Amino acid sequence: MTTKVFIDGEAGTTGLQIRDRLIRRDDITLVQIDPDLRKDAEARKAAFAEADVAILCLPDAAAKEAVELSKDLDVRIIDASTAHRVNPDWAYGLPELSAAQEAQIKSARYVANCGCYATGAIVLLAPLVRAGLIPADAAISVNAISGYTGGGKGLIAEYESGEAPDAFLYATGMAHKHLPEMMKFAGLTAKPIFVPSVGNFAQGMAVSIPLHLSQLPGDLTMAQVHAALAEAYAGATHVKVADLADQDSRIDPTALNGTNDLMVHVRGDAEDGRIVLVAVLDNLGKGASGAAVQNLDLMIGA
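Sequential numbering from 4 applies to the sequence shown in this note's numbering.
Dropping the structure here:
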């Protein structure tokens, strides 16, 4: 027996990456429809009916329509869009949050894949907020740089045609769509300042959070922050914490391209307590398609 998987939106960047990860597996059978019928409701509903699990790689509105289209069918859903990430009826697809989170994903009918930027920020913040090392209402700034594939086909075309700048900042109006999930699953009650940017490289991402330890409760040290993160991810397969002794090497946002891994760095000046937390991941791996496949594997017991 193989698991039948339908990728609704297979032709998009994330969908293609998921297909490439699954097509060579002998425990997965891909349910596919004629490309000319990819927007045909009846053809899609038939594919949902045939599948055990469907992965939605669609814009938010289309993802909601797909859920409605398939609601009466015996199919489980992983949604890669933003549409359901803070919906309490959906499991949030970041199993590294806790053992309970992983268990919820395993049994859920509906799983919302994490946002790429949110993945990095939550991995860095959640253990520290949970441990009381960072107050939930702390004034947090999150900075990030991503490869241009995170912007979808339109931005990819701009860069490949040479029209786009070498780098740019965006979402400076503080209304980025990843903020709600970032707050909910990191445990924050105050909205962080989040300023993402895009660079002239296809894949890869670095999310960084600067901290003045003197402005946090207690006599918190850089070593304690590192220890808390190392303990939180000690048993994780895909999240690792770099050695604290490595303080001087460059941090390359493309270092984990092609993987589903995430590396946490704790850097800074231990003496005066100015530190920066950095998460490196592939925006198309742990930030999108790799995470979807990881969640799929949990759901089907692979």
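Just so you know, even glycine gets a beta-carbon here, dropped at the ideal spot from N, CA and C.
In this text the structure is predicted, and so the values were computed from the model without any measurement.
Asked                                                                                                                                                                 : Found
Since leucine 265 and valine 242 are thought to touch, with beta carbons under 8 Å apart, how far apart are those beta carbons, to the nearest angstrom?              : 5 Å
Can you tell me which of Gly153, His229 and Ala230 puts its alpha carbon nearest to the alpha carbon of alanine 291?                                                  : Gly153
Based on Cα-Cα distance, which residue from Ala46, Arg112 and Thr16 lies nearest to lysine 74?                                                                        : Arg112
Is histidine 229 helix, strand or coil by DSSP?                                                                                                                       : helix
Which residues mark the beginning and the end of the alpha helix (DSSP H) in which proline 183 is found?                                                              : 182 to 189
Taking the Cβ atom as the reference point for each residue, do valine 267 and alanine 245 lie within a distance shorter than 8 Å?                                     : yes
Rounding to the nearest angstrom, what Cα-Cα distance links valine 279 and arginine 270 in this structure?                                                            : 5 Å
Closer than 8 Å by C-beta to arginine 24: which residues in its own chain qualify, once you throw out the five before and the five after it? Chain order, please.     : Ser292, Gly293 and Val296
At what residue ranges does the stretch 101 to 156 contain a whole run of the alpha helix (DSSP H), taking only runs of 4 or more?                                    : 102 to 110 and 119 to 133
Helix, strand or coil for proline 199, going by three-state DSSP, please let me know.                                                                                 : strand
What's the gap between the Cα of alanine 17 and the Cα of cysteine 60?                                                                                                : Note that residue 17 is threonine in the sequence shown here, rather than alanine. Their Cα atoms are separated by approximately 6 Å.
Based on Cα-Cα distance, which residue from Gly96, Gly276 and Asn260 lies nearest to aspartate 285?                                                                   : Asn260
Would you kindly check if the distance between the Cβ of phenylalanine 188 and the Cβ of isoleucine 125 is under 8 Å?                                                 : yes
For proline 168, name the three-state secondary structure that DSSP assigns.                                                                                          : coil
Can you find the residues in the same chain that come closer than 7 Å, C-beta to C-beta, to proline 62, ignoring five residues on each side of it along the sequence? : Ser84
I believe alanine 258 touches valine 283 by the beta-carbon criterion, under 8 Å. Please report the beta-carbon distance rounded to the nearest angstrom.             : 6 Å
What's the gap between the Cα of lysine 289 and the Cα of threonine 262?                                                                                              : 7 Å
Who are the near neighbours of methionine 186 in its chain, counting only those whose CB is closer than 7 Å to its CB and skipping five residues on each side?        : Lys194
Any contact between the stretch 132 to 152 and the stretch 199 to 209? By contact I mean 3 or more CB pairs, one from each, below 8 Å.                                : yes
Over the uninterrupted beta strand (DSSP E) stretch that includes methionine 177, give me the two end residues.                                                       : No beta strand (DSSP E) holds methionine 177; DSSP gives it neither H nor E.
Taking the C-alpha atoms as reference points, what is the distance between aspartate 1 and glycine 157?                                                               : No statement about residue 1 is possible, as the shown extent of the chain runs from 4 to 305 and does not include it.
How many Å lie between alanine 50 and valine 34 at the Cα?                                                                                                            : 6 Å
Which of the three DSSP states is assigned to methionine 3 in this structure?                                                                                         : Residue 3 is absent from the model: the chain starts at 4 and stops at 305.
Go to serine 73, then tell me how far its beta strand (DSSP E) extends in each direction, as first and last residue.                                                  : No beta strand (DSSP E) holds serine 73; the alpha helix (DSSP H) holding it covers 63 to 73.
Whose C-beta lies closer than 6 Å to the C-beta of isoleucine 212 among residues of the same chain, with five residues either side of it excluded?                    : Leu127, Val145 and Leu280
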